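S.K.: Below are the structure tokens for one structure; questions will follow.
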């Protein structure tokens with residue numbers, strides 16, 4: 001039976017499109033294309049054009065490059081009539097029913113060479129979607145390369161109408177992808193379409209049904225092609241971005257409920273949120289859209305990225321007064337002639353509640369929809385809170401309470417779990433809130449937060465933002481090649497000096513040990529030794545540490561080693577500092593601009609962290625010829641921006657930080673993070689994710705080098721954020737139970753210290769530690785009780801004043817005990833630290849094996865099922881595990897039924913491998929001994945692809961004719977490949 005030809009594939013696609021109401025049209029060349037365009041533009045706009053008038057339209061359509069033509073497509077083209085009047089032609093409507101869809105094939109264009117295109121979809125006569133097909137078995141990359149060749153040779157020829165193509169589709173019938181018309185794209189930047197659950201739609205008939213229908217194409221062309229203004233190129237949303245935007249827009253159109261989007265870190269959240277904000281700002285019943293970030297640095301970064309998508313679309317407010325002015329509408333207006341131009345080019349789509357055309361700079365402001373101010377604002381949550389709580393601002397915006405304002409929160413978990421959230425929803429009575437986050441807060445990773453008048457509460461992302469509207473988790477992104485996988489290495493071994501016995505790093509959590517200059521110097525020397533290898537001399541790295549004192553030790557150590565000639569790395573750093581801090585650090589006062597009096601007070605060798613930072617900034621100034629300092633806010637902020645840019649550009653080799661830059665910092669050229677601090681849950685994933693942005697083919701994964709034993713925390717974090725069915729509700733204890741617990745805790749506290757003054761008489765450290773522990777229990781219970789409106793501490797045998805007095809004693813005593821006695825024996829005297837690679841994790845079979853073992857160790861069925869779901873998600877989404885999915889799932893099922901033991905995983909795999917070997921040998925009549933020898937060679941590293949036909953032929957025990965050889969040998973080869981993928985690759 002013959003296989004499907006490319007011509008048959010092409011015919012079947014066209015037949016399917018015609019059945020979906022695309023009008024077939026025969027267009028053989030550029031002249032026929034132009035003639036058809038005239039007919040379709042007249043029909044779509046309800047006009048008749050003379051030949052001269054149409055020629056003037058063609059002249060205007062021909063102007064500009066791909067980027068210019070994409071912008072023109074969303075506006076109108078003016079036509080000067082022969083009677084002197086002016087008409088405006090719409091090229092693309094945002095209402096599918098107003099567009100005229102046609103399909104044709106084999107259009108021939110003569111350019112540098114003659115090219116003939118497979119299938120073209122025309123909208124109102126313009127070629128907007130080009131489809132290139134290859135027969136089954138041919139790689140998609142060939143179709144992609146063919147399009148690149150067409151672009152070079154003919155798309156701009158004979159009037160350049162093919163430069164209006166917005167979307168390309170490539171398919172071999174089995175696999176199908178799409179991408180925007182961007183000459184700089186590589187094949188890695190082509191996308192599969194999926195359903196809303198991120199299941200790929202690969203087969204061409206199913207893709208055509210889901211993607212190439214008129215309603216969807218109209219949305220993609222009018223809404224979801226984005227013009228990047230800074231780079232002058234086109235972008236198209238990926239499916240998960242599309243579904244997220246659609247979900248939010250639908251929510252705003254149909255109800256007043258809030259919601260949040262869970263899209264893993266690094267998956268293009270800025271583009272998704274921009275498109276969401278842009279579309280929402282055009283809806284008739286939305287008064288304004290406010291995009292909220294939680295720090296000034298992100299305010300700057302997000303505004304810059306938004307401005308790249310649509311220059312002039314956003315006002316990023318500089319301070320609270322600026323935000324007030326924008327909310328009140330006192331925005332500088334453009335010249336009247338510019339306003340008139342914008343109004344004339346805006347088009348009718350503004351009346352339809354859809355996206356405003358992006359034609360003139362001021363079109364988003366001056367249209368028949370938006371006639372007072374730009375409706376889209378970026379601001380920080382701090383400035384927004386000031387606006388609605390500070391009396392000098394709040395009184396001026398009282399009239400805005402009833403406005404329908406849609407708030408979009410960037411990384412919604414970071415600053416939204418305090419009273420600010422409540423302030424916003426209480427002030428803007430018709431507000432609708434939507435959050436974006438790569439790492440949501442679930443029940444498992446929620447932490448208690450103090451709420452004004454409400455005690456301490458644990459709240460999830462769902463508690464604040466309502467239902468999750470769309471999910472795209474880390475395993476989805478790795479599977480789709482939208483982010484890179486991680487390679488995580490854990491370093492560090494402790495040895496008792498006397499007996500040489502190994503000590504588990506995780507069992508030693510003493511600040512003195514981790515902050516030891518001797519240990520930090522070892523880590524610095526290790527980083528210097530491996531840095532070139534890890535970054536491939538092409539990328540750069542980040543080093544995150546536990547505290548500012550540790551950072552200072554690290555920086556000074558790197559600096560000393562550089563002066564000794566041990567390395568030539570550029571180390572940059574930044575950190576926040578306290579106003580009234582206690583720590584003092586060794587160092588010279590050699591900072592430009594540091595007041596002489598201040599220097600005298602500090603003395604030569606006593607510097608606070610702010611002064612240390614200024615010395616580091618001065619090092620930076622000398623390195624890069626800049627003049628920043630920490631002496632004023634603006635200079636510090638400008639230093640932050642310059643450091644950020646130089647890190648992204650690769651001029652800084654290692655960026656040394658405590659907390660800054662661990663979230664919201666996207667640097668594709670950064671591929672390694674060195675970690676010497678305790679991280680967990682969302683903080684861990686956010687930090688690790690600084691390394692896994694795509695950047696060419698050389699960057700294959702993100703390197704994570706841990707100098708603390710973070711493996712349990714990493715496993716727990718990736719388990720949590722790979723599970724699409726997390727627990728989002730936190731069980732709240734009842735009032736009666738908490739009251740009883742408080743009474744018991746109070747009784748236990750009074751047994752240790754009957755009154756406040758008796759705390760001073762506690763005889764030794766053990767009893768003092770017991771008091772501290774018991775008071776912590778009491779504090780936690782009180783915080784929980786304060787969430788109930790009818791709670792009164794007086795009824796429980798303690799006054800509020802007495803509690804506060806105990807709290808004062810607790811704070812001072814805890815501080816003293818934390819310091820410890822001056823003569824306390826140092827742990828450093830007993831332990832040596834050795835930098836030895838303990839373990840290296842990748843998401844592969846070994847990682848699955850580890851998760852299986854931890855799953856079987858769980859005593860609770862609910863916990864087992866939770867880990868089973870995580871494993872199922874990994875098997876379904878990690879490409880390297882596809883071939884092993886049924887094998888591993890079968891083992892899990894048998895173990896759940898008690899047919900095998902959890903520890904028998906390797907034995908089970910070996911048993912199934914031998915069964916498969918025997919079956920292949922029997923089915924294909926192979927020499928068992930020779931076949932076994934070949935499999936052993938493959939296990940030892942020989943590639944199946946390197947095998948020749950004669951190598952396979954010598955395995956068979958039956959003679960083959962020339963005809964049968966052509967079918968039998970490829971069949972055996974495919975079985976060998978499948979066997980190797982299932983039982984060998986990833987197991988060794």
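In the UniProt record's numbering, the protein residues as written are 1 to 988.
The beta-carbon is built from N, C-alpha and C at its ideal position, and this holds for glycine as well.
Quick caveat: nothing in here was measured; it's all calculated off a predicted structure.
#1: Going straight from the alpha carbon of residue 405 to that of residue 817, what length do you get?
#2: Considering Cα atoms alone, identify which of 776, 472 and 891 is closest to residue 196.
#3: Counting only the same chain and skipping the five closest in sequence on each side, list residues whose C-beta sits under 8 Å from that of residue 67.
#4: Return the chain-ordered list of same chain residues with a C-beta closer than 8 Å to the C-beta of residue 524, the five sequence neighbours on each side being excluded.
#5: Mapping DSSP to helix, strand and coil, what is residue 682?
#6: Please list the segments of the beta strand (DSSP E) lying wholly inside the stretch 374–403, counting only runs of 3 or more residues, in order along the chain.
#7: Answer yes if the stretch 99–117 comes into contact with the stretch 68–75, meaning at least three C-beta pairs across the two stretches below 8 Å, and no otherwise.
#8: Residue 756 and residue 813: beta carbons closer than 8 Å?
#9: May I ask you to list the residues that DSSP assigns as paired with residue 468?
#10: Since residue 483 contacts residue 694 with CB under 8 Å, what's their CB separation in whole angstroms?
#11: Return the chain-ordered list of same chain residues with a C-beta closer than 8 Å to the C-beta of residue 18, the five sequence neighbours on each side being excluded.
#12: Work out the CA separation of residue 951 and residue 978 for me, nearest whole Å.
#13: Given this structure, state the Cα-to-Cα distance separating residue 51 from residue 124, to the nearest angstrom.
#14: Put residue 8 into one of helix, strand or coil per three-state DSSP.
#15: In three-state DSSP terms, what is residue 706?
#16: Counting pairs of Cβ atoms below 8 Å between the stretch 198–211 and the stretch 75–88, do you hit three or more?
#17: In three-state terms, what does DSSP make of residue 16?
#18: For residue 352, which residues of its own chain have a beta-carbon under 7 Å away from its beta-carbon, when the five flanking residues on both sides are left out?
#19: Excluding the five sequence neighbours on either side, which residues of its own chain have a C-beta within less than 6 Å of the C-beta of residue 717, listed in chain order?
#20: Name the residue from 745, 530 and 33 whose alpha carbon lies nearest to the alpha carbon of residue 796.
#21: For residue 652, list the residues DSSP reports as bridge partners.
#22: DSSP puts residue 540 in a beta bridge; with which residues?
#23: What span of residues does the beta strand (DSSP E) with residue 326 cover, start to end?
#24: Note down, in chain order, each residue of its chain lying with its Cβ closer than 6 Å to the Cβ of residue 162, except the 5 sequence neighbours on either side.
#25: Quick check: what's the CA-CA separation for residue 160 versus residue 62?
#26: Of all the CB atoms in chain C, is at least one closer than 8 Å to the CB of residue 717?
#27: Would you tell me roughly how many angstroms separate the C-alpha atoms of residue 696 and residue 649, rounded to the nearest one?
#28: How many angstroms separate the CA atom of residue 293 from the CA atom of residue 273?
#29: Under a three-way DSSP split, which group does residue 572 fall into?
#30: With contact counted as at least three CB pairs below 8 Å, one residue from each stretch, are the stretch 738–753 and the stretch 702–715 in contact?
#31: Relative to the C-alpha of residue 225, which residue among 200, 251, 189 and 275 is closest?
#32: Tell me the DSSP secondary structure of residue 136 in three-state form.
#33: Nearest by alpha-carbon distance to residue 630: which of 645, 608 and 651 is it?
#34: Return the residue from the list 467, 954 and 14 that minimises the CA-CA distance to residue 989.
#35: Per the DSSP calculation, residue 129 is bridged to which residue(s)?
#36: With 16 other CB atoms within 10 Å as the buried threshold, where does residue 544 fall?
M.R.: In this structure, then:
#1: Looking up residue 405 in the chain shown gives position 405. Looking up residue 817 in the chain shown gives position 817. Residue 405 and residue 817 have their C-alpha atoms some 51 Å from each other.
#2: As a working mapping, residue 196 is identified with position 196 in the chain shown. Looking at the Cα atoms, 472 is the closest of the given residues.
#3: For the purposes of this step, residue 67 is taken as residue 67 along the chain shown, with counting starting at 1. Within the same chain, Cβ atoms closer than 8 Å to the Cβ of residue 67 are found at 227, 232, 233 and 234, the five residues on either side in sequence being excluded.
#4: By one-based count along the chain shown, residue 524 stands at place 524. Here the set comprises 554, 557, 558 and 561.
#5: As a first step, residue 682 is located in the chain shown; it is residue number 682 there, counting from the start. Correct three-state label for residue 682: helix.
#6: Runs of beta strand (DSSP E) with 3 or more residues, each lying fully within the stretch 374–403, are found at 376–380, listed in chain order.
#7: Verdict: no, contact absent.
#8: The count along the chain shown starts at 1 and reaches residue 756 at position 756. The count along the chain shown starts at 1 and reaches residue 813 at position 813. Their beta carbons are not under 8 Å apart, which means residue 756 does not touch residue 813 by this criterion.
#9: Numbered from 1 along the chain shown, position 468 holds the residue referred to as residue 468. Note: residue 468 sits in a beta bridge opposite 260.
#10: What you label residue 483 is simply residue 483 of the chain shown in a count that begins at 1. What you label residue 694 is simply residue 694 of the chain shown in a count that begins at 1. Between the beta-carbon of residue 483 and that of residue 694 there is about 7 Å, and that keeps the pair under the 8 Å contact cut.
#11: Locating residue 18 in the chain shown gives position 18, where the first residue counts as 1. Hits under 8 Å: 24 and 103.
#12: Counting from one through the chain shown, the residue named residue 978 turns up at place 978. Counting from one through the chain shown, the residue named residue 951 turns up at place 951. For residue 978 and residue 951, the distance between alpha carbons rounds to 17 Å.
#13: In the chain shown, counting from the first residue as 1, residue 51 sits at position 51. In the chain shown, counting from the first residue as 1, residue 124 sits at position 124. The alpha-carbon atoms of residue 51 and residue 124 are separated by roughly 18 Å.
#14: Within the chain shown, numbered from 1, the residue matching residue 8 stands at position 8. For residue 8, the secondary structure class from DSSP, reduced to helix, strand or coil, is helix.
#15: Working through the chain shown from its first residue, we reach residue 706 at position 706. Note: residue 706 maps to strand in three-state DSSP.
#16: Using a C-beta cut-off of 8 Å, the stretch 198–211 makes no contact with the stretch 75–88, since fewer than three inter-stretch Cβ pairs fall below that distance.
#17: Your numbering for residue 16 matches position 16 in the chain shown. Residue 16: helix per DSSP, three-state reduction.
#18: On the chain shown, residue 352 is found 352 positions in, with the first residue counted as 1. The predicted model places residue 352 with a pLDDT of 31, which falls under 50 and marks its position as unreliable, so this point remains unresolved.
#19: Within the chain shown, residue 717 is the residue found at index 717, counting from 1. Within the same chain, residue 717 has close Cβ partners 681, 684 and 685.
#20: One-based indexing of the chain shown puts residue 796 at position 796. The candidate whose alpha carbon is nearest that of residue 796 is 745.
#21: Translated into the one-based positions of the chain shown, residue 652 becomes position 652. Residue 652 pairs with nothing; no bridge assigned.
#22: Taking the chain shown and counting its residues from 1, one reaches residue 540 at position 540. Paired residue(s): 670.
#23: By one-based count along the chain shown, residue 326 stands at place 326. It is not in any beta strand (DSSP E) - residue 326 instead sits in the alpha helix (DSSP H) that spans 320–328.
#24: Here residue 162 refers to the residue found at position 162 of the chain shown. Non-local beta-carbon contacts of residue 162 in its own chain, meaning distances under 6 Å to residues more than five positions away in sequence, involve 127 and 155 in chain order.
#25: The residue you call residue 160 lines up with position 160 of the chain shown. The residue you call residue 62 lines up with position 62 of the chain shown. Taking C-alpha positions only, residue 160 is separated from residue 62 by approximately 6 Å.
#26: No chain C appears in this structure, which consists of one protein chain only.
#27: For the purposes of this step, residue 696 is taken as the residue at position 696 of the chain shown. For the purposes of this step, residue 649 is taken as the residue at position 649 of the chain shown. When only Cα atoms are considered, residue 696 and residue 649 end up about 15 Å apart.
#28: Mapped onto the chain shown, residue 293 falls at position 293. Mapped onto the chain shown, residue 273 falls at position 273. Taken atom to atom, the span from the alpha-carbon of residue 293 to that of residue 273 is near 12 Å.
#29: Looking up residue 572 in the chain shown gives position 572. Of the three classes helix, strand and coil, the one that applies to residue 572 here is strand, per DSSP.
#30: Of all C-beta pairs linking the stretch 738–753 to the stretch 702–715, fewer than three are shorter than 8 Å, placing the two stretches out of contact.
#31: By one-based count along the chain shown, residue 225 stands at place 225. Looking at the Cα atoms, 275 is the closest of the given residues.
#32: Working through the chain shown from its first residue, we reach residue 136 at position 136. It is coil, neither helix nor strand.
#33: Reading the chain shown from its first residue, position 630 is the one you call residue 630. Of the listed residues, the one whose Cα sits closest to residue 630 is 608.
#34: No answer is possible for residue 989: it lies beyond the span of the chain, which begins at 1 and ends at 988.
#35: Counted from its first residue, the chain shown places residue 129 at position 129. In the DSSP output, where bridge partners are listed per residue, residue 129 has 121 and 167.
#36: By one-based count along the chain shown, residue 544 stands at place 544. With 16 or more other Cβ atoms within 10 Å, it is buried.
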